[in-house]
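Note sheet for the following structure.
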Amino acid sequence: MSDLYREQLLEHYHEPQNYGVLPEADVDVQLDNPTCGDTIHLTARLDPEGRIAKVMFEGHGCVISMAAASMLTEDVVGKTPQEVAALELHDVEEMMGGLRLSMGRVKCALLAVNALKKGLRESGRL
Amino acid sequence: MTWNLEELRREFPILQQQVHGKRLVFLDSAASAQKPRAVIEALTTVYTTAYANVHRGLYSLAEAATAHYEEAREKIAHFIGASDPGELIYVRNATEALNLVAYAWGRKHITAGDRIVITEMEHHSNLVPWMMLAQERGAELAYLPVTAAGELELTALPPLLADGRTRVVAFTLMSNVLGTIPPAQELTAMAHAAGALVVADGAQAVPHLPVNVQTLGVDFLAFSGHKLGGPGIGALWGRRRLLEAMPPFLFGGDMILSVKKHSATWNELPYKFEAGTPAIAEAVGFGVAVDFLSALGMEAVQQHEQMLVAYALERLPEVPGLHILGPTHPHRGGAVSFWLEGIHPHDIASVLDSEGICIRAGLHCAEPLHARFGLPASARASFFIYNGTDDVDALVAGLQGVVKLLRR
């Protein structure tokens, strides 16, 4: 029915990976998208070398924002904060299986990565 | 008696295309309506035969452009029941019309301790200008509540009018979210009895039902041309004595009578409020759009859309977990908002798009109204003259598909 809502994406939406709150997190951040009501609470822990060790999220929103968050929690493990900061829309689209997002859906897909960047900045890792 | 839908659709070139290999089902006319061929051709005609700046040139081409521009003004004024075209000011859109009133009338008349009454169902364009004015002047902004059924809580108005502090009551003639048609004559009579002016937002009502400023008795009416099939332009109608007492909104060319180094005097109505080169071809197209609707008849337009609303209200509940916002009787406008349990409105719109169906998803520029219903967003299908029951059928089938795809 829709190219956008491919099976891989729907699986992440219906059964999100790393859903919940990480205890004793190094990064703990909340980000909202007021124009569509999407919210995300993201927690992350870094390993001794300063790389992302584990990310968890909770929140509610559309398929795109929630699937992107779920996929991000898997994709960023092992990355440095600088590598996370360098992630752009193109990288998120690749991470989501080569999706091409329409202009109106870009901010949905970027909610999680922007939350992680914000959290890394606020915790002094960036 | 309405029209032959297939014949009418052929007058709208954009509807002839396919989207993602499907027939285009356009259900977002409340945001902006599609344009009939007559309007599109009128723009071309202006630019190819009669374009020059208006009110300035002494050559015949400029006189022709001015004549077309002013003839359109007369048609638009007549369309809303105004007898004096000088009371009809061209603006960019209904938003600018409402800002004009809030600035030019509001800054002159609203002072500390005054009250401005609006409603919870206002579009941001009939809300934020009043909010800003109230903050600037130390005035109170009060809201007429919306009931759970999506109607205005009329009993809340008399207490807001009782102390004589209310200077203006501003409300929509048709909610762009709920489709609700407030009792405008009743509200106007109550406001006037308390010495308050009435500002009506006609952005949704003017394209979809007969609106007559004389019958309604309102003091200002804001509406847009692009929502009734015209180009990107709008209009403000106001009572001459009020407009004459107001200072200009924008300053510059054409709105001026005489300028000295340290003083200026203003042009007569309506030019006092039309600073700078206006949207000339768009104004002509606005007039043609009004002709197009007048030929169909606004009673027939309303009857057609009420038929569609009745059919949509009957069929939409077939979709499991669908909830309709606003009145569930058909005596309402053709903006039908709804939400689906467990599915974000953006996903509804994206999936429907793949079926060639255009709907709106989000807050529809009415955030306080969504907060009133505890919703982060909603989906909206809205009807116009070119929609038919086949569009409602496509919408319902599309929504069934959305549920099948996204709900587990």
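Here the protein sequences line up with chains A and B, keeping their order.
Counting in the numbering used here, the final residue of the first sequence is number 254, and the numbers go up one at a time with none missing.
Counting in the numbering used here, the final residue of the second sequence is number 418, and the numbers go up one at a time with none missing.
Where is the CB? At the ideal position from N, CA and C, for every residue including glycine.
Classification of residue i by the beta-carbon crowding that lies within 10 angstroms, buried from 16 upward
i: residue 186 of chain B; result: buried
i: residue 1 of chain B; result: The question about residue 1 of chain B has no answer here: the residues shown for chain B are numbered 11 through 418.
i: residue 57 of chain B; result: exposed
i: residue 374 of chain B; result: buried
i: residue 24 of chain B; result: exposed
i: residue 414 of chain B; result: exposed
i: residue 160 of chain B; result: buried
i: residue 344 of chain B; result: buried
i: residue 100 of chain B; result: buried
i: residue 237 of chain A; result: buried
i: residue 269 of chain B; result: exposed
i: residue 54 of chain B; result: exposed
i: residue 218 of chain A; result: exposed
i: residue 83 of chain B; result: buried
i: residue 241 of chain A; result: buried
i: residue 396 of chain B; result: buried
i: residue 113 of chain B; result: buried
i: residue 224 of chain B; result: exposed
i: residue 79 of chain B; result: buried
i: residue 281 of chain B; result: buried
Contact set between residue i and chain A, taken where Cβ atoms lie within less than 8 Å
i: residue 356 of chain B; result: 164, 190, 192, 232, 233, 236
Interface flag, residue i vs chain B, CB-CB below 8 Å
i: residue 140 of chain A; result: no
i: residue 239 of chain A; result: no
i: residue 217 of chain A; result: no
Best match in the options for proximity to residue i [C-alpha to C-alpha]
i: residue 151 of chain A; options: A:247, A:162, A:184, A:141; result: A:184
i: residue 244 of chain B; options: B:399, B:217, B:196, B:16; result: B:217
i: residue 163 of chain A; options: B:182, B:371, B:103; result: B:371
i: residue 272 of chain A; options: B:388, B:380, B:364; result: Residue 272 of chain A is absent from the structure shown; chain A starts at 129 and stops at 254.
i: residue 113 of chain A; options: A:195, A:244, A:234; result: This structure gives no information on residue 113 of chain A, because the portion of chain A shown stretches from 129 to 254.
i: residue 200 of chain A; options: A:154, A:168, A:252, A:161; result: A:168
i: residue 134 of chain B; options: B:157, B:159, B:180; result: B:180
i: residue 173 of chain B; options: B:205, B:53, B:153; result: B:205
i: residue 356 of chain B; options: B:338, B:388, B:381; result: B:388
i: residue 88 of chain B; options: B:297, B:315, B:369; result: B:297
i: residue 233 of chain A; options: A:196, A:215, A:153; result: A:196
i: residue 115 of chain B; options: B:295, B:382, B:260, B:321; result: B:260
i: residue 44 of chain B; options: B:307, B:27, B:335; result: B:27
i: residue 419 of chain B; options: B:191, B:210, B:362, B:162; result: There is simply no residue 419 of chain B to check, as chain B begins at 11 and stops at 418 in what is shown.
i: residue 207 of chain A; options: A:172, A:247, A:180; result: A:180
i: residue 168 of chain B; options: B:377, B:199, B:290; result: B:199
i: residue 171 of chain A; options: A:161, A:214, A:198; result: A:198
CB contact below 8 Å: residue i versus chain A
i: residue 18 of chain B; result: no
i: residue 33 of chain B; result: no
i: residue 387 of chain B; result: yes
i: residue 418 of chain B; result: yes
i: residue 405 of chain B; result: no
i: residue 260 of chain B; result: no
i: residue 415 of chain B; result: yes
i: residue 409 of chain B; result: no
Residues that residue i contacts on chain A, provided the C-beta gap is smaller than 7 Å
i: residue 372 of chain B; result: 163, 164
Residue i at chain E interface by Cβ criterion, 8 Å
i: residue 127 of chain B; result: Absent from the structure: chain E. Protein chains present are A and B.
- Length at least 4, wholly inside the region 205-253 of chain A: the alpha helix (DSSP H) runs in chain order: 209-213, 217-223, 234-250
- Task: Identify every run of the alpha helix (DSSP H) within the region 206-279 of chain B, keeping only runs that are complete inside it and at least 4 residues long; order them along the chain.
- Result: 223-226, 250-255
- Going along the chain, which unbroken runs of the alpha helix (DSSP H) with 4 or more residues stay wholly within the region 328-364 of chain B? 355-363
- Could you tell me which uninterrupted alpha helix (DSSP H) segments, each at least 4 residues in length, are contained entirely in the region 168-210 of chain A, listed from first to last along the chain? 191-203
- Item | Those runs of the alpha helix (DSSP H) which lie wholly inside the region 78-162 of chain B and span at least 4 residues | 104-110, 116-119, 138-147
- Complete runs of the alpha helix (DSSP H) confined to the region 159-198 of chain B [at least 4 residues]: 167-171
- Can you list, in chain order, the stretches of the alpha helix (DSSP H) that have 4 or more residues and sit fully within the region 287-334 of chain B? 290-306, 308-325
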